[in-house]
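The structure under discussion appears below in the form of structure tokens.
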Amino acid sequence: MSATLRRLRGANNEGLLVAVIIVVAVAMSIASPAFLSSGTFFALVRSSMVPLIFALGVMLIMISGGIDVSFPAIAIFAAYTTVKWSVDGNLDPGLVLIFVIAMVVGGLLGLFNGVVIARFRLPTLIVTLGTLTMYKGILLTYIGSLYISAGELPGSVTTLSDVHLWDAPSGGYLHFMVVPVVLVAVLIAVMLRWTLFGRSIFAIGGDTEAARRVGIRVVRTQVWLYVLAGGLAAFGGMVFVILGKNANPQSIVGTELDIIAAVVLGGASIFGGRGSVFGTMLGVVLVQLINNNLVLVGIPSTWQRAVVGILLLLGVTAQALGRAGANKRPVMIEKEAEA
Amino acid sequence: MTVVAQPVLEVHDVVKTYGGVHALKSVSISLLAGEVHCLAGENGSGKSTLIKIISGVEKPDSGTISIGGKRRSHLTPNEAIRSGVQVIYQDFSLFPNLTAAENIAMLSELAERRNFSSRKRIFAEAERIVTELGLTMDLGADVESLSVADRQLVAICRALVGDAKVLIMDEPTTALTHTEVDRLFTIVRTLQERGVAVMFVSHKLDEVLQIAQRLTILRNGELVETGPASDFTGRSVAKAMTGREVSEERLVAPLEPDAPVLLEVKNLTRSGDFHNINLSLRAGEILGITGLLGSGRSEIAEAIFGIRPADSGEVVVAGQTHKINSIRDAVKAGIGYVPEDRLTQGLFLEASIADNIVASSLDSYRAKSGLLNTKRIQESIAELFKRLRIQAPSVTAMVHSLSGGNAQRVVLAKWLDRKPSILVLNGPTVGVDIGSKEEILGILREQAATGMGIIVISDDIPELVSSCHRVLTVYKGRIVSELVGDDIHADGIQEGLAV
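Here the protein sequences line up with chains W and E, keeping their order. At position 312 of the first sequence the residue is numbered 1215 (my numbering), and the sequence of numbers has no breaks. At position 220 of the second sequence the residue is numbered 1280 (my numbering), and the sequence of numbers has no breaks.
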């Protein structure tokens, strides 16, 4: 492969993903002319916002060598609890405080994940599967199981639900929440690239024992990472409530596979140590593109789950193949010798 | 070279026990600035425990450690690093997913308790140490794409970037070829000139005597001998390590003149790896295949065993042509293979010795009813356990608790239980101490005497000399020389390797 081609492909196959997205988009617009509209585009952006936040949290954990499936429960737990609290108390503490409270709740739930995983060195999948169900159960049993509609939500939340950043003249609109979402994505990219915390996450994912030996405080870093992931999930949960203009304790849980598929497609390694914000963003866009528009091009919606599953398997297979290639021992045979 | 009399590191009367077993019995050792001090000993002699105590990973039961004149009863890993002690572990402990530069600079970035990371500063830091040591290296490359030798250089650079006073290298030459070892020694001498005290941990006698000024030998947790390297010979070191005389002479049983040909390989080729390989192996013969790392020697073995099949060519076993496209085909043809990396490819580490021994031969214990004949299984396990002299409390011990030499015996036992007619061993004694090595070679000789054909792939010259009937040298994917009988001696093989 030539150097230019390799650069285009990107460190985590980002280039390849852009190409796939373009192919899918072209195929869809050929299959259904209705696809090609600014409305479709803005709908895609809107539906990608919440999954992107979730995916960034999952990506961080995956880079560190783990996997988190408890984020949907943390998201709805934190968001619903915060909203319910202000509804019950009949008070509206303002958006900033609502977000802060939700994220503190999410951070605490993440802390629990982190402490269990880092202290007892348990497999992350099993622990977070357990807490996923546990958090959801606690939410429904002790906090509440009733749907909170737009009319009951705190005023500051419902007001924000209808704020558009920009209305496109050709149809569709950009929701205001795109601003904080993009900001969070940029902050995480900066953290991963330019802070020692970010580099430590990569180091732990690369080789945990080696990280310990160079003096990285592995347990502490992991615990903070899960707190951060919990906070991110809570942030995503609040954005979900604002966009949907309702708080339903039965929502979000069940979408974890879409998110994990997006993260894996986005190049974050299931073996740990690799991943990028840009790649994850592309993975989310690809999954949402397919989720939103399969019906449009005439594929029955029952197929949607199967397609997401196939995408996840494709992503994992691609990684496993890439890994096998990388592990092949270099053999020093000159080209002439082959003739 | 200036030798300062004041030791940089002094370990005094250190004792360490693990659950009642003495790992170290009152060991004292000192390190001077600018000297290379070799710590030699077999597996389980206490070398690793001593390193762990110096690097602060383990706490001694009693005794003291002084670094730079400061005496302590024990250290924490961070204290050890801050006092200037650096360990290069056998596995290098690098981050495969990060660049060489970041691997090198990570330690000092952490030590300086920085919050932000800068690519520019990291590269400048890495560049500085690389030029200081007179090396060339692609600092922007991910470590996983580097060769083993280059990874080691990265590990050395990383250890030295933080102004190390004591550098401990744990078995640094295990995975290196001869040229790479020479390069490593040049670097070690550069370090000496900079006044670094180097502790070189090894069980390879020739290397120990070549590089060290002083030598300390441990056996069963006790310091058996210490003194200037010039006072030792290969023979005396081996004796001190094992506690008995070790022979490295040729011990090859004469081959029956009418011994049948067991294996014939004709024009075996795999594009990019090896070309037109022809070889034959007779019953009772031990055939050595040697070559530099990357010459194609391992690839040939892997093709014969079907791990990565050849593109073309023939494999004839006992007069019958076999298509070897998979491991299954090879096993059916009666070929066994002991891989290079036994820990990941040859063993179930979390299973018992007994389970490992019968893992690949369970099929042959099936009774008519389809159930396993557990009595026969137990008998075979007990017999192999005894015959291969595996040192473990019992057959139920987990394989991961065994030393290198014993783990290798379990792999051997596993294959012997299948009773293959041809056994291919890749680096049978890599990472194994002298005593075990001799015993493993003894086992191979015994097997050959029963009529098995054995192929040993190795770059350990004494091992080839002492056990092989013939030695083939592979260079750039082709067999370039063949030594037979008494022509097999160290110089001859060395010459073949250096084509």
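C-beta atoms are modelled at their ideal positions from N, C-alpha and C, and glycine is treated no differently.
Check                                                                                                                         : Outcome
Beta-carbon neighbours of N1336 of chain E, restricted to chain W and to distances below 9 Å                                  : The contacting residues do not exist; N1336 of chain E stays about 11 Å from chain W at best.
Nonlocal neighbours in the same chain, by C-beta distance under 7 Å from K1238 of chain W, ignoring five residues either side : Unreliable placement is indicated for K1238 of chain W, whose pLDDT of 33 sits below 50; the coordinate value is still reported in the next sentence. Nothing listed; no residue qualifies.
CB contact flag (I1349 of chain E, L1339 of chain E, <9 Å)                                                                    : yes
Any non-hydrogen atom of the ligand ATP closer than 8 Å to P1152 of chain W Cβ                                                : Here there are no bound small molecules, and the ligand ATP is not part of this structure.
Continuous beta strand (DSSP E) assignments of at least 3 residues falling wholly in the stretch 1244 to 1287 of chain E      : 1257 to 1262, 1274 to 1279
R1116 of chain W at chain E interface by Cβ criterion, 9 Å                                                                    : yes
Neighbour flag for A1171 of chain E against chain W, beta carbons, 9 Å                                                        : yes
Endpoints, the beta strand (DSSP E) within which P1067 of chain E is located                                                  : 1067 to 1078
Chain W contacts made by the stretch 1131 to 1153 of chain E, where a contact means CB separation under 9 Å                   : P1137, N1138, I1141, V1147, Y1149, D1151, F1152, S1153
Runs of alpha helix (DSSP H) wholly within the stretch 1174 to 1215 of chain E (minimum 4 residues, chain order)              : 1179 to 1192
Same chain only: Cβ atoms within 6 Å of N1466 of chain E, ignoring 5 sequence neighbours per side                             : I1450, Q1451
Cβ separation of L1236 of chain E and A1209 of chain E, assumed to be a contact under 8 Å, to the nearest whole Å             : 6 Å
Cβ-based neighbour list, V921 of chain W, same chain, cut-off 7 Å, excluding 5 preceding and 5 following                      : L1185
Interface residues of chain W facing R1174 of chain E [CB-CB closer than 7 Å]                                                 : L1099
Where the stretch 1157 to 1169 of chain E meets chain W: residues whose CB sits under 8 Å from a CB there                     : N1157, L1158, E1162, M1166, L1167, E1169
C-beta neighbour in chain W for R1218 of chain E, strict 9 Å                                                                  : yes
6 Å Cβ shell around R1538 of chain E - same chain, five flanking residues per side excluded                                   : H1335
D1551 of chain E, DSSP secondary structure in three states                                                                    : helix
For Y1076 of chain W, the three-state DSSP class (helix, strand or coil)                                                      : strand
Distance between F1445 of chain E and W1475 of chain E (C-alpha atoms, nearest Å)                                             : 13 Å
Local Cβ density within 10 Å of T1510 of chain E, reported as buried at 16 or more and exposed below that                     : exposed
Cβ of G1175 of chain W within 9 Å of any chain B Cβ                                                                           : Looking for chain B here will not work: the only protein chains present are W and E.
Any 3 or more C-beta pairs closer than 8 Å across the stretch 1119 to 1136 of chain E and the stretch 1306 to 1323 of chain E : no
Residue range of the unbroken alpha helix (DSSP H) whose run includes R949 of chain W                                         : 941 to 966
Which residues DSSP lists as bridging A1150 of chain W, in chain order                                                        : W:I1051
Extent of the continuous beta strand (DSSP E) to which T1381 of chain E belongs                                               : 1380 to 1382
Option nearest N1196 of chain W by Cα separation, candidates W:E917, W:L919, W:I924                                           : W:I924
Spatial neighbours of G1170 of chain W in its chain, beta-carbon cut-off 6 Å, leaving aside the 5 residues before and after   : N915, N916, G1182
Distance between G1101 of chain E and G918 of chain W (C-alpha atoms, nearest Å)                                              : 53 Å
Within chain E, the residues that E1112 of chain W reaches when beta carbons sit closer than 7 Å                              : S1153
Test item: CB-CB of A1319 of chain E and M1512 of chain E under 9 Å                                                           : no
Cβ neighbours of I1236 of chain W in the same chain (closer than 7 Å, five flanking residues each side left out)              : No answer about I1236 of chain W holds up, because its pLDDT of 35 lies below 50 and its placement is not dependable.
Residue of E:K1428, E:R1310, E:R1357 minimising C-alpha distance to L1328 of chain E                                          : E:R1357
Any C-beta of chain W under 9 Å from that of S1177 of chain E                                                                 : yes
Counted within 10 angstroms of its Cβ, other Cβ atoms place T1246 of chain E as buried (16 or more) or exposed                : exposed
Cross-chain neighbours of I1145 of chain W in chain E, by beta carbon under 9 Å                                               : Within chain E, no residue comes near I1145 of chain W; the closest Cβ sits about 32 Å away, beyond 9 Å.
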